[in-house]
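All remarks here apply to the structure that follows.
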Amino acid sequence: MVKVLIIEDEDHHGAYVKNVIERKYPCDWARDGIEAKRMLSDNKYDIVIYDLLLPGISGKDLIHFTREEVDPNIVNIVITAYEEEWPPIESTSENIFYYMKKGTFKPAELLKVMDNAAELRKLRLKEATHIRNIIASEKFVSTGKLAVSIAHEINNPLQSMVAITDIIKQKIATMKNADTIQRDFDIIEKSVERIKGVIKQLTDLHSIDHKLAVTIGMCTIVEKVVSFIRPVAKEKHVFISMRDTGSNVKTYISESQFFHLLLTLFLDLLDTGSETIDITTKKEKGYAVLEIRTVINGTDPDSPPSPLMGMIITDLEISKSIIDQYNGIISFCEQNHTLIISIKLPEIVETTENEITVSH
Numbered sequence: 039m040v041k042v043l044i045i046e047d048e049d050h051h052g053a054y055v056k057n058v059i060e061r062k063y064p065c066d067w068a069r070d071g072i073e074a075k076r077m078l079s080d081n082k083y084d085i086v087i088y089d090l091l092l093p094g095i096s097g098k099d100l101i102h103f104t105r106e107e108v109d110p111n112i113v114n115i116v117i118t119a120y121e122e123e124w125p126p127i128e129s130t131s132e133n134i135f136y137y138m139k140k141g142t143f144k145p146a147e148l149l150k151v152m153d154n155a156a157e158l159r160k161l162r163l164k165e166a167t168h169i170r171n172i173i174a175s176e177k178f179v180s181t182g183k184l185a186v187s188i189a190h191e192i193n194n195p196l197q198s199m200v201a202i203t204d205i206i207k208q209k210i211a212t213m214k215n216a217d218t219i220q221r222d223f224d225i226i227e228k229s230v231e232r233i234k235g236v237i238k239q240l241t242d243l244h245s246i247d248h249k250l251a252v253t254i255g256m257c258t259i260v261e262k263v264v265s266f267i268r269p270v271a272k273e274k275h276v277f278i279s280m281r282d283t284g285s286n287v288k289t290y291i292s293e294s295q296f297f298h299l300l301l302t303l304f305l306d307l308l309d310t311g312s313e314t315i316d317i318t319t320k321k322e323k324g325y326a327v328l329e330i331r332t333v334i335n336g337t338d339p340d341s342p343p344s345p346l347m348g349m350i351i352t353d354l355e356i357s358k359s360i361i362d363q364y365n366g367i368i369s370f371c372e373q374n375h376t377l378i379i380s381i382k383l384p385e386i387v388e389t390t391e392n393e394i395t396v397s398h
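Every number in the working numbering is 38 more than the matching position in the sequence shown, counting from 1.
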């Protein structure tokens with residue numbers, strides 16, 4: 039049975055939405071952001087409806103929390119009186135299925151949106167099971183697993199586009215809320231752009247430019263890699279934490295080459311069985327530094343070394359030859375089953391508009 043959570047601080051509107059939805063679907067009601075976060079953490083929901091302006095935690099932050107920490111396959115719907123707080127066209131980046139304005143819809147339209155959301159949830163759960171089965175197969179190399187794992191980044195907007203098209207058809211047939219049809223088309227167009235971006239990321243992995251070096255923040259490129267692998271980590275139940283203490287210190291390297299180097303390394307680490315990967319970017323004595331810590335094969339000091347350590351060390355040796363080209367340093371050690379990897383690249387200091395200084 040599909041279960042719904044309504045997050046709404048206005049009693050009158052919350053009661054109205056709950057009464058309509060309960061005609062077909064069981065639902066809970068959270069009256070502020072803090073209560074909503076607790077309920078999302080303690081219960082399993084299929085569809086979540088958010089107001090944007092909430093006491094405690096904003097609806098926008100809750101949507102981000104749901105996608106990153108709870109379940110990326112939950113179907114998210116926004117119902118708000120203040121569209122200017124987060125325009126519908128911008129919300130597509132957070133995988134919002136549908137966006138409604140308070141006071142502009144009738145019960146039948148809300149139930150139609152809920153029916154489409156319920157069907158979308160079933161499709162996503164079926165797809166997630168299929169992805170888990172493929173990832174478990176040893177037939178896929180790392181980049182193949184990655185491509186399959188981020189398939190939801192393509193399929194989710196595709197599925198949403200189909201559902202929104204169905205809603206548009208209903209609006210045309212009844213000529214109700216016709217003024218919002220253009221907005222729906224704008225969301226579909228934005229979804230297409232999102233799909234194109236994901237496909238470009240995948241194809242770029244196979245067209246690495248080893249010569250085109252650029253000045254880039256260490257934190258910036260690491261964030262891109264982490265964003266790319268989070269779906270894989272989610273499926274493997276690995277928590278990735280990341281912090282930057284160096285104000286995104288800049289270095290000089292081929293972005294595509296370094297991206298691929300880090301991607302390969304992180305995919306190896308995800309295969310070790312570790313539950314956490316801790317990432318820190320920082321500035322240290324003229325270097326832009328990336329430090330990675332992960333527990334290999336549990337915390338028992340008597341357990342044998344992970345059989346995957348050999349593969350990781352081999353990849354690190356290959357990485358060393360690349361880092362050497364940029365006068366960088368890569369080192370790694372294992373202490374009490376904690377693997378510590380450090381990558382240092384010379385810091386770039388921009389002294390004037392047209393001049394840069396390399397620290398090493």
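Positions of the beta carbon are idealized from the N, C-alpha and C atoms, including for glycine.
Open item on the list: Helix, strand or coil, according to DSSP, for aspartate 80 in the structure here?
Closed with: For the purposes of this step, residue 80 is taken as the residue at position 42 of the sequence shown. The answer is helix: DSSP assigns aspartate 80 an H, G or I state.
Open item on the list: Check whether the segment 50–62 and the segment 97–107 are in contact - that is, three or more C-beta pairs closer than 8 Å.
Closed with: no
- [ ] Use the C-beta contact count for glutamate 385: other C-beta atoms within 10 angstroms, 16 or more gives buried, fewer gives exposed.
- [x] Position 347 of the sequence shown holds residue 385. Per the 10 Å Cβ criterion, buried.
Open item on the list: Suppose you measure from the CA of threonine 318 to the CA of leucine 328; what does that come to, to the nearest Å?
Closed with: Position 280 of the sequence shown, counting from 1, holds the residue named residue 318. Position 290 of the sequence shown, counting from 1, holds the residue named residue 328. Cα to Cα, threonine 318 sits roughly 6 Å from leucine 328.
TODO: Just list the alpha helix (DSSP H) runs in the segment 275–299, keeping only unbroken ones of 4 residues or longer that don't cross its boundaries, in chain order.
DONE: none
- [ ] Report the residue from Asn365, Val40, Asp316 and Asn286 whose alpha carbon sits nearest the alpha carbon of lysine 160.
- [x] For the purposes of this step, residue 160 is taken as the residue at position 122 of the sequence shown. Out of Asn365, Val40, Asp316 and Asn286, Val40 has the C-alpha closest to the C-alpha of lysine 160.
Task: Distance cut-off 7 Å: valine 151 Cβ against heavy atoms of the ligand MN - done: By its list of ligands, the structure shown contains no ligand whatsoever, and the ligand MN lies outside what it can speak to.
Open item on the list: DSSP three-state label for glutamate 372, please.
Closed with: Numbered from its first residue, the sequence shown carries residue 372 at position 334. It is a strand residue.
- [ ] Could you check what DSSP says for valine 387 in three-state terms: helix, strand or coil?
- [x] Looking up residue 387 in the sequence shown gives position 349. It is a strand residue.
Open item on the list: Report the CB separation of isoleucine 85 from valine 108 in whole angstroms; it is logged as a contact under 8 Å.
Closed with: Numbered from its first residue, the sequence shown carries residue 85 at position 47. Numbered from its first residue, the sequence shown carries residue 108 at position 70. Wrong, their Cβ atoms sit about 13 Å apart, outside the cutoff.
TODO: Whole angstroms is fine: what's the gap from phenylalanine 277's alpha carbon to glutamate 313's?
DONE: Along the sequence shown, read from residue 1 onward, the residue named residue 277 stands at position 239. Along the sequence shown, read from residue 1 onward, the residue named residue 313 stands at position 275. So the two alpha carbons sit approximately 6 Å from each other.
Open item on the list: So within the segment 50–74, which uninterrupted alpha helix (DSSP H) runs reach at least 4 residues, ignoring any that extend past its ends?
Closed with: none
Task: Rounded separation between glutamate 48 and alanine 68 - CA only - done: Counted from its first residue, the sequence shown places residue 48 at position 10. Counted from its first residue, the sequence shown places residue 68 at position 30. So the alpha carbons of these two residues sit roughly 10 Å apart.
TODO: Report the rounded CA-to-CA distance for tyrosine 63 versus lysine 320, giving the unit in angstroms.
DONE: The sequence position of residue 63 within the sequence shown is 25, counting from 1. The sequence position of residue 320 within the sequence shown is 282, counting from 1. For tyrosine 63 and lysine 320, the distance between alpha carbons rounds to 49 Å.
Task: the segment 288–304 touching the segment 254–270, judged by at least three CB pairs closer than 8 Å - done: Counting Cβ pairs under 8 Å, three or more are found: they touch.
TODO: Mind reading off the beta-carbon distance from threonine 118 to lysine 139? Whole number of angstroms is fine, and I expect it under 8 Å.
DONE: Stepping through the sequence shown from its first residue, residue 118 is reached at position 80. Stepping through the sequence shown from its first residue, residue 139 is reached at position 101. Sure, about 7 Å apart at Cβ, within 8 Å.
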